[in-house]
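As structure tokens, the structure follows; a few thoughts come after it.
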Amino acid sequence: MAIHLRAHAFAANPLRGVSASTTAVSPSAAAEALRSLLEPGSAAADAANPHPPHLSKILPFRRGRPLARSPDPPASAPPAAPAWRLAWLPPSRVPGVAPDAFVFLGAHAEGGGKEAAAYWAVDVSDGEGPRVDGGSGDGDGPAFVDLRTLMVATDWSDNDAMGDLAIAGHARALLEWHNTAKFCGACGAKAVPTEAGRRKQCSNESCKKRIYPRVDPVVIMLVIDKENDRALLSRQSRFVPRMWSCLAGFIEEKAWKRQ
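Per the UniProt record's numbering, the very first residue in the sequence shown carries number 1; after that it's consecutive.
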């Protein structure tokens with residue numbers, strides 16, 4: 001089996017570079033539009049954004065697993081590994097979730113055959129989750145799938161699938177940060193989401209510390225021998241028998257040289 005070369009399985013998030021564009025939907029505008037869709041009877045929401053100029057797409061997570069679907073291949077297509085895509089839902093399919101629970105992932109403006117859209121992630125682990133209709137004809141219907149399973153099932157030559165994988169990885173990291181960073185590290189007061197979930201702020205009026213998602217500067221690397229189609233793996237004494245892994249270390253130039 002040939003080894004596919006790629007820098008990072010969860011890199012190249014297609015929403016990040018596009019969201020930085022001056023024509024993209026801003027986080028504040030996206031948040032106002034989402035609130036108007038989640039609370040249609042709210043006068044404040046309707047006044048802020050009576051006619052949302054873009055789509056709002058929601059990616060639900062349950063226990064760290066994103067909602068994904070596997071569409072049916074054409075009947076004439078040759079047998080292949082199952083394809084998958086993230087199962088984006090409209091806000092109406094994620095009922096009973098407070099607007100502040102949604103985390104902004106990015107957006108793109110209208111163009112290239114696509115409508116303007118803002119993308120969000122939300123953790124539904126504590127509730128009943130979204131009302132997913134599996135009878136739409138799209139394969140076996142959506143399901144919450146572990147990220148590692150999706151990574152193994154991804155065709156790394158498929159740029160769209162790799163883009164979905166990067167988006168899902170980014171979304172899970174942000175949601176886990178929100179679930180763990182609930183209090184201010186300076187004074188211990190509750191930290192509340194702000195800027196569409198992209199950061200938090202201490203609720204203590206005398207502190208108001210800004211809190212940003214953590215960044216762990218580590219790397220997992222796969223050293224390969226292209227000529228002989230081999231890879232260098234390692235193991236630790238605590239591993240179960242026959243368990244091997246890629247190499248890991250802090251992100252800096254010498255990490256590769258050491259290995």
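We put the CB at the ideal spot given by N, CA and C, even for glycine.
Nearest-angstrom Cα separation, counted from residue j out to residue i
{"i": "D225", "j": "S36", "result": "54 Å"}
{"i": "A87", "j": "S26", "result": "23 Å"}
{"i": "P91", "j": "W120", "result": "10 Å"}
{"i": "R198", "j": "E227", "result": "44 Å"}
{"i": "A12", "j": "R172", "result": "15 Å"}
{"i": "A189", "j": "C207", "result": "9 Å"}
{"i": "L147", "j": "D160", "result": "16 Å"}
{"i": "H108", "j": "H170", "result": "16 Å"}
{"i": "S245", "j": "L175", "result": "26 Å"}
{"i": "F10", "j": "A248", "result": "16 Å"}
{"i": "M151", "j": "E110", "result": "29 Å"}
{"i": "A33", "j": "D126", "result": "25 Å"}
{"i": "S234", "j": "M221", "result": "11 Å"}
{"i": "V103", "j": "F61", "result": "11 Å"}
{"i": "P66", "j": "Q236", "result": "30 Å"}
Extent of the continuous beta strand (DSSP E) to which residue i belongs
{"i": "R62", "result": "55-62"}
{"i": "R199", "result": "199-202"}
{"i": "T149", "result": "Counting along the chain, T149 falls outside any beta strand (DSSP E), though it belongs to the alpha helix (DSSP H) covering 147-153."}
Reference residue i; option with closest CA among the options
{"i": "S56", "options": "R62, A31, L150, R65", "result": "A31"}
{"i": "R93", "options": "P142, A168, A166, R214", "result": "P142"}
{"i": "M162", "options": "W84, C202, L247", "result": "W84"}
{"i": "F183", "options": "K200, L174, E195, I167", "result": "K200"}
{"i": "F114", "options": "H54, D158, A153", "result": "As written in the sequence, residue 114 is Lys, which differs from the Phe given in the question. Closest option to K114, Cα to Cα, is H54."}
{"i": "G106", "options": "A153, S70, Q236, A166", "result": "A166"}
{"i": "A116", "options": "I220, V223, L15, S234", "result": "L15"}
{"i": "T194", "options": "C187, P213, M243, A186", "result": "P213"}
Continuous alpha helix (DSSP H) stretch holding residue i: start and end
{"i": "A161", "result": "159-180"}
{"i": "S27", "result": "It should be pointed out that residue 27 corresponds to Pro in this sequence rather than to Ser. First-last of the alpha helix (DSSP H) with P27: 27-38."}
Cutoff 8 Å: residue i Cβ touching any chain C Cβ
{"i": "R62", "result": "Of the protein chains in this structure there is only one, and it is not chain C."}
Residues bridged to residue i (per DSSP)
{"i": "P225", "result": "Going by the sequence as given, residue 225 is Asp instead of Pro. Paired residues: R230."}
{"i": "G249", "result": "V219"}
{"i": "R65", "result": "R62"}
{"i": "G106", "result": "Y119"}
{"i": "R210", "result": "Q201"}
Taking one C-beta from the stretch 80-99 and one from the stretch 172-186 each time, how about it: are there three or more such pairs within less than 8 Å?
Between the stretch 80-99 and the stretch 172-186 there are fewer than three inter-stretch CB-CB distances shorter than 8 Å, so the stretches are not counted as touching.
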